[in-house]
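Using our numbering, you'd call the opening residue of the sequence shown number 22 and step up by one each time. C-beta atoms are modelled at their ideal positions from N, C-alpha and C, and glycine is treated no differently. Model, not experiment: these values are computed from the prediction. Read the structure below first, then the notes.
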Amino acid sequence: MSGAASSSTILTTSLVFSSSFSSSRLFIRRRLPLRSASSPLRRLCLTREVPVRNLIMPPRATLGFTHPANTETPKISFAAKDIDTDVAEWKGDLLAVAVTEKDVTRDGELKFQNSILRTLDSKLGGLLGEASSEEDFTGKLGQSTLLRITPAAGLGSKRLALLGLGPSASSTAAFKTLGESVASAANFAQAAHVAVVVLPTSKGLSAPNIASAIATGTVVGTFEDNRFKSESKKKPVLKSLDIIGLGTGPEFEKKLKYAGDVSSGIILGKELVNSPPNVLTPGVLAEEASKIASTYSDVFTAKVLDAEQCKELKMGSYLAVAAASANPPQFIHLCYKPPTGPVNVKLALVGKGLTFDR
Numbered sequence: 022m023s024g025a026a027s028s029s030t031i032l033t034t035s036l037v038f039s040s041s042f043s044s045s046r047l048f049i050r051r052r053l054p055l056r057s058a059s060s061p062l063r064r065l066c067l068t069r070e071v072p073v074r075n076l077i078m079p080p081r082a083t084l085g086f087t088h089p090a091n092t093e094t095p096k097i098s099f100a101a102k103d104i105d106t107d108v109a110e111w112k113g114d115l116l117a118v119a120v121t122e123k124d125v126t127r128d129g130e131l132k133f134q135n136s137i138l139r140t141l142d143s144k145l146g147g148l149l150g151e152a153s154s155e156e157d158f159t160g161k162l163g164q165s166t167l168l169r170i171t172p173a174a175g176l177g178s179k180r181l182a183l184l185g186l187g188p189s190a191s192s193t194a195a196f197k198t199l200g201e202s203v204a205s206a207a208n209f210a211q212a213a214h215v216a217v218v219v220l221p222t223s224k225g226l227s228a229p230n231i232a233s234a235i236a237t238g239t240v241v242g243t244f245e246d247n248r249f250k251s252e253s254k255k256k257p258v259l260k261s262l263d264i265i266g267l268g269t270g271p272e273f274e275k276k277l278k279y280a281g282d283v284s285s286g287i288i289l290g291k292e293l294v295n296s297p298p299n300v301l302t303p304g305v306l307a308e309e310a311s312k313i314a315s316t317y318s319d320v321f322t323a324k325v326l327d328a329e330q331c332k333e334l335k336m337g338s339y340l341a342v343a344a345a346s347a348n349p350p351q352f353i354h355l356c357y358k359p360p361t362g363p364v365n366v367k368l369a370l371v372g373k374g375l376t377f378d379r
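Below, the structure written as structure tokens:
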């Protein structure tokens, strides 16, 4: 409350909502003393009810300090490839090898259990084994080590990375984390063309789904939400990722395209969540929902209810919360319907959709 009351003034407030919604009104009850605080009659109070809308400040524009920059979903091309030649001959900026904790263990002759690692370590004269020992690389999930390779080593890539998968890669979450590790290594090395070698040893997961999880993690890991920050000096430059060792075919192409669609949705969610309340108002959120429905009009419809429409539907609790904001409420209803086939099950997902504006 503004309007500095004197030290002798007692002000208490309470929210009152009438029991009959048809004539419901939200009030703030003010209790003002008849005399000064020192008066013997200071406990005798006069109650006056004032509608909330008369007390709320009108909507204000932002101070002009927040100017969100435009962002785009990273555009990365993905390709699934077989190990039809020596992976050491792959030409590009960064060759990454995904390994489990068991893969990096070595026998009595200090040779890796993983056949790919043995080949690469042999070409590098044991340098890979030395580096993994010195940096305590054990293959834990999310762990990585990166080496710069000289042309004399005979590898087609400029850098080589080992990326950990943990004890055993048994979930899509582990491969999504692997994709994020690929993005992190590529960003650190400023690599545009990258390959990751993955052996299909996971039980219970199809190879196309593994490739999809890696691609999703790579896109999400590459994305940086710098809309409200100073321009980054080190921008991601990743343009292509070859996923080697899982297989090829139409199913891989389908799953890699699916990964791109999922990544776009994840990034949109991140942008909405990270937007400050003076940028993401209820009206702006409603506009974003309408854009989704417009872009995918073959399967989506959007309906946005204003305060009067919500009142007609007797949405009292919703309006009570919305009354705390200077911005009018926007109740968003997005409906998805499959383009073809019968609808066997109807699901409703209810979210708060709070924008924390005031």
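Along the beta strand (DSSP E) that carries Thr166, what are the first and last residues, could you check?
Ser165 to Arg169
Round the Cβ separation of Leu184 and Ala117 to the nearest angstrom and send it over; I've been treating them as touching at under 8 angstroms.
5 angstroms
Check the C-beta distance from Ser311 over to Ala323 and give it rounded, since I have them as a contact under 8 angstroms.
5 angstroms
Quick one: grab the DSSP three-state call for Ala190.
coil
Cutting at 8 angstroms between CB atoms, please list the residues of its own chain near Leu267, excluding the five before and the five after it.
Ala101, Val219, Pro221, Ala228, Pro229, Ile231, Ala232 and Phe273
Between the Cα of Asp114 and those of Lys132, Gly175, Ala207 and Ile287, spot the shortest distance and give me the residue it belongs to.
Selected option, being the one with the closest Cα: Ala207.
Against chain E, with Cβ distances strictly below 7 angstroms, would Ser318 count as a contact?
Within the model displayed, chain E is absent; a lone protein chain is all it includes.
Do the CB positions of Leu141 and Leu149 come within less than 7 angstroms of each other?
yes
Within this structure, are the beta carbons of Ile104 and Ile265 separated by less than 7 angstroms?
Yes, Cβ-Cβ distance for Ile104 and Ile265 is below 7 angstroms.
Between the Cα of Thr376 and those of Leu306, Thr316 and Pro359, spot the shortest distance and give me the residue it belongs to.
Leu306
Which residues mark the beginning and the end of the beta strand (DSSP E) in which Lys324 is found?
Phe321 to Leu326
For the 8 angstroms Cβ check, are there 3 or more pairs between the stretch 198-205 and the stretch 238-255?
yes
Per the DSSP calculation, Ser311 is bridged to which residue(s)?
DSSP, once it has assigned bridges, lists no residue as partnering Ser311.
Under the three-state reduction of DSSP, which class applies to Val241: helix, strand or coil?
helix
Would Ser197 be called buried (16 or more neighbouring beta carbons within 10 Å of its own) or exposed?
A quick correction: the sequence has Lys, not Ser, at residue 197. Burial call: buried.
Apart from the five residues just before and just after Tyr279, which ones in its own chain have a Cβ nearer than 8 angstroms to its Cβ?
Leaving aside the five residues that flank Tyr279 on each side, the residues in its chain whose CB is nearer than 8 angstroms to its CB run, in chain order, Ser233.
To the nearest angstrom, report how far apart Ser372 and Val294 are at their CA atoms.
Per the sequence shown, the amino acid found at residue 372 is Gly instead of Ser. Straight-line Cα distance between these residues: approximately 13 angstroms.
Between the C-alpha atoms of Gly290 and Ile235, what's the straight-line distance to the nearest angstrom?
19 angstroms
In the DSSP assignment, what are the bridge partners of Lys102?
Ile265
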